[in-house]
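Here the structure comes first, spelled out in structure tokens, and everything after it is commentary.
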Amino acid sequence: MDRKDILGNEIKSECVGCAIVRGEIQLPGGVIYDGKSIILAADPEIPIPGFLIITSKRHIQSFAELSSEERTEIGDIIALAQKAIKDLKIAETVTLVQEERSKHFHIWIFPNQEWMQEKFGYGLQYLRKINAYARENASDEDVIRVIKVAEEIKEYMQKYAKMGL
Ligand SMILES: [Zn+2]
């Protein structure tokens, strides 16, 4: 399997989700939120600022396997991440994707940015194309921006977490 993260490191693990949980994958900007049952971080493979991924700590596949406590944590973190993306003007809307067929439970929090809509259009059917385009065309500055935005989101979320959200 020839997979590389956006920093150019090869992803060797059988399960990317488990590798993220074990800290074996270098996440751009680091872990944004390290929770009881999930990790929130910038997607390590797609260089789009504000494109976040929630990975469950357990190797499961679907919402149906989550406890109610885990579902609550996921809901809270999605809400907070969405708020961060909007307040930090990264995107006005996000698209959530959870594919039960994936090997390891994860949720994409995808920021719908203006350039994407101009270039590809609006809607789920364009996500793969946008991701492929970002991977092929990201400059070093774009990767730096992904890291910077992840750090900004982390700072934002820590501030709100202290306020008890
Ligand atoms: Zn796994």
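Under this note's numbering, the residues of the sequence shown are numbered 1 to 165, in order.
Where is the CB? At the ideal position from N, CA and C, for every residue including glycine.
- CB-CB under 7 Å to Ala84, same chain, minus the five flanking residues each way: which ones, in chain order? Within the same chain, Ile153, Tyr156 and Met157 come within 7 Å of Ala84 by CB-CB distance, once the 5 residues on both sides are set aside.
- Query: If you follow the alpha helix (DSSP H) that Asn131 is part of, which residue opens it and which one closes it?
  - Reply: Leu127 to Asn137 is the extent of the alpha helix (DSSP H) around Asn131.
- So is the beta-carbon of Gly23 under 8 Å away from any non-hydrogen atom of ligand 1? Incorrect: Gly23 has no Cβ contact closer than 8 Å to ligand 1.
- Query: DSSP puts Trp115 in a beta bridge; with which residues?
  - Reply: In DSSP, Trp115 forms no bridge with anything.
- Pairwise C-alpha distance: Glu118 and Ala138: Their backbone Cα atoms lie some 17 Å apart in a straight line.
- Proximity of Ile244 and Ile53 at Cβ, strictly below 9 Å: Here the chain comprises residues numbered 1 to 165, so residue 244 is not present and cannot be evaluated.
- Taking the Cβ atom as the reference point for each residue, do Ile46 and Arg135 lie within a distance shorter than 9 Å? Going by C-beta atoms, Ile46 is nearer than 9 Å to Arg135.
- Message: Tell me the rounded alpha-carbon separation between Glu141 and Ile109.
- Response: If I take the Cα positions, the gap works out to 22 Å.
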